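Shown next, in structure tokens, is the structure this report addresses.
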Amino acid sequence: MVVEKDVEITMSDGVVLRADIHRPAKADGTAAAGRFPVILTQNPYNKNVSGGGGGDYFVQRGYVFVQTDVRGTGSSAGQWDAFGDREQKDGLEVANWATSTKRPWSNGELGLWGPSYMAINQFFTAAQHPRGLKAMFPIVPAGDVYRDVVASGGQIDAGFIPLWFGLVTGSGLVPPAVNQTRPEATLITLLQHVGGALGFQVPMLAGAVLGSDAGYDGPFYRKRSPLSVVDEIDVPTFLTAGQYDIFQRGTPMLFDRLQRNGVDTKLLIGPWTHTEGSMGGELAGSGIGSLSEMALRWFDTHLKGLPDNTLDRDVAPVTYHEIGSGKWRTMQSWLGSEVRAKTYALGSALKPVGGDTIAPLPVQGLCSRSTTQWTAGAVAIPGCTDNRINDALGVSYETAPATSDLRFSGPLNADLSVSTTGTDGLISVSVEDVAPDGSVDRITGGWQTLRHRAVIPSRSRTLNGQVVQPWHPFTRSAEQAVVPGQIYRVPVEVFPTGAVIEKGHRLRVTVHSYDVPHLLPNVQQLVRGVAGVVTVHHTTANPSTLVLPVRR
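Residue numbers for the sequence shown follow my numbering, so the first one is 25 and each next one is one higher.
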């Protein structure tokens, strides 16, 4: 393999991005003759620090791998503005550069590949229809950055967002590789990176904490959400997601839209956190090989035109690792005819385990799988995969032991009647599996601030007439006042999953008023609800229910 480091690519506004080009080599180590299909990754984490991202696997099998540092990061000049207009335009220009006939190593066929940020930017590049684009392989991408991760339920994500900003900022301040030959370029690039941090990361974090517009949904987040452009995608797209990923919500929604639009698409959901999924999570028992092998089959089919008559037989439209059984399951669609909504009422089908009143304890969530999930797998507290300790800090409702397996897949809706002694507050819902020995496995969760309880029915997802995925606007204008003691109906979007409550196990719903360190209130929310005592109601007049997408 032959690698050219920090090749300059000048954008239309004069800013220079830098790319590493990995090319196939002959036995003597020189570049192989001929033109090859190109796989492109656009990296914000400094390619000289984070490495090749697995692209060399493809180079060894007849591809050229091009990896750029995103504008304002790594060795690239300019200021970072995550997924902003200029960065999106850069994606198109870099893609067209890579497929140009001026590149002696490119045959004009292009694939997009990469995890996380490098998965998200694939959608913005593909939506502009670059020349020669044939396929995408986004690994754990977000769909809606506000709802997926920035402010789940309306409170700011304190588990992942600061870590992410720190990673981009820190890697961007590592001296670029070009300093060995052009120290003046290094200085200019570093100063631009510092300016970018002061102009983007710092104001964003400060504004969100103080309750500015950064804490509300709006044009800023719409611009940066793949779901805003997914209807423009028309190339085959293989998506991967994780049951415990920070983008657990959005990736299946991207698949759903692509499939409805008739795009050749597949969805693979593994038992992964974000970090595990980004690194090519374990696929043992899935029957489809490693993630790299699957990506190679996808690109060989769509970039090289090599026939793969068993691809659709080997890989269903949806393949997911089922929580509860540990088995891999397949479906033809994510939220279609194979599932049906079933409602469980709190107080009857889901009986109270204790009381209905939740004390304001800002350690709720800490000893749970939520901590691991929302730090992208960086923090795992020993003994906290069993949710019993955390559940004792909230209120729980559970079924009788199942007489047969209860299998469900898709988004859930915890439609709760609640009151508080404060003027705002958070409802944190965990859906869980209680084993016969009493151990509790957290399957998935959902969150909702009381002032953001408004729902837009036309944007909510339903199954056989029942809402399984409520859609909240999360705008300043849609906020609704909270009167202490008054009961409100609060639909809580519980993030999608694929799970089974096996025979003899119990389905449990637990409600808290915090999910630390995942979510923290901004200053205004803190003042309104810091000491609020929340009560869950489940009477005929004020019912509370859980709606499950049950597999037929």
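Note that the Cβ used here is the ideal one computed from N, Cα and C, for glycine as well. Note that the structure is a prediction, hence the values are computed from the model and not measured.
Nearest neighbour of residue i, chosen from the options [CA to CA]
| i | options | result |
| --- | --- | --- |
| residue 407 | 82, 375 and 465 | 465 |
| residue 359 | 124, 69, 572 and 80 | 572 |
| residue 516 | 60, 453, 51 and 41 | 453 |
| residue 535 | 502, 401, 450 and 113 | 450 |
| residue 413 | 387, 137 and 292 | 387 |
| residue 430 | 364, 382 and 308 | 364 |
| residue 325 | 385, 262, 291 and 350 | 262 |
| residue 345 | 337, 291 and 322 | 291 |
| residue 483 | 476, 462, 477 and 495 | 495 |
| residue 396 | 27, 97, 373 and 184 | 184 |
| residue 355 | 348, 343, 347 and 349 | 343 |
| residue 537 | 100, 559, 531 and 462 | 559 |
| residue 246 | 188, 170 and 288 | 170 |
| residue 564 | 369, 525, 493 and 95 | 369 |
| residue 502 | 477, 533 and 341 | 477 |
| residue 172 | 318, 265 and 462 | 265 |
| residue 181 | 282, 379, 544 and 78 | 544 |
| residue 192 | 161, 141 and 54 | 141 |
| residue 257 | 234, 242, 243 and 289 | 289 |
| residue 432 | 492, 233 and 480 | 492 |
Straight-line Cα distance separating residue j from residue i
| i | j | result |
| --- | --- | --- |
| residue 473 | residue 145 | 30 Å |
| residue 470 | residue 448 | 17 Å |
| residue 240 | residue 497 | 9 Å |
| residue 332 | residue 320 | 11 Å |
| residue 91 | residue 57 | 21 Å |
| residue 401 | residue 285 | 33 Å |
| residue 179 | residue 236 | 12 Å |
| residue 556 | residue 444 | 6 Å |
| residue 372 | residue 424 | 10 Å |
| residue 562 | residue 518 | 19 Å |
| residue 67 | residue 278 | 21 Å |
| residue 352 | residue 306 | 12 Å |
| residue 435 | residue 275 | 12 Å |
| residue 163 | residue 456 | 27 Å |
| residue 271 | residue 298 | 8 Å |
| residue 117 | residue 153 | 11 Å |
| residue 19 | residue 143 | Residue 19 falls outside the range modelled here, since the chain spans only 25 to 576, and no answer is possible. |
| residue 52 | residue 26 | 11 Å |
Which residues DSSP lists as bridging residue i, in chain order
| i | result |
| --- | --- |
| residue 334 | In the DSSP output, where bridge partners are listed per residue, residue 334 has none listed. |
| residue 431 | 524 |
| residue 47 | 26 |
| residue 324 | Paired residue(s): none; residue 324 is not in a bridge. |
| residue 543 | 181 and 539 |
| residue 436 | 518 |
| residue 443 | 559 |
| residue 352 | 345 |
| residue 457 | 465 and 531 |
| residue 42 | 32 |
| residue 513 | 441 |
Outcome for residue i when other beta-carbon atoms lying within 10 angstroms are tallied against a minimum of 16
| i | result |
| --- | --- |
| residue 568 | buried |
| residue 514 | buried |
| residue 488 | exposed |
| residue 103 | buried |
| residue 293 | buried |
| residue 34 | exposed |
| residue 71 | buried |
| residue 417 | buried |
| residue 309 | exposed |
| residue 551 | exposed |
| residue 336 | exposed |
| residue 109 | exposed |
| residue 508 | exposed |
| residue 367 | exposed |
Extent of the continuous alpha helix (DSSP H) to which residue i belongs
| i | result |
| --- | --- |
| residue 138 | Not the alpha helix (DSSP H): residue 138 falls in the beta strand (DSSP E), residues 130-139. |
| residue 121 | 109-122 |
| residue 413 | 412-415 |
| residue 403 | No alpha helix (DSSP H) contains residue 403, which DSSP labels as neither H nor E. |
| residue 60 | Residue 60 -> not in any alpha helix (DSSP H); beta strand (DSSP E) instead, spanning 60-67. |
| residue 275 | 274-284 |
| residue 246 | 243-247 |
Continuous beta strand (DSSP E) stretch holding residue i: start and end
| i | result |
| --- | --- |
| residue 158 | 157-163 |
| residue 268 | 261-268 |
| residue 297 | 289-297 |
| residue 184 | Where residue 184 is concerned, there is no enclosing beta strand (DSSP E), given that its DSSP letter is neither H nor E. |
| residue 366 | 363-369 |
| residue 468 | 464-473 |
| residue 93 | 88-93 |
| residue 573 | 569-575 |
Near the ligand HEM: residue i beta-carbon under 7 Å from a heavy atom
| i | result |
| --- | --- |
| residue 58 | Because no ligand of any kind appears in the structure shown, any question about the ligand HEM cannot be addressed here. |
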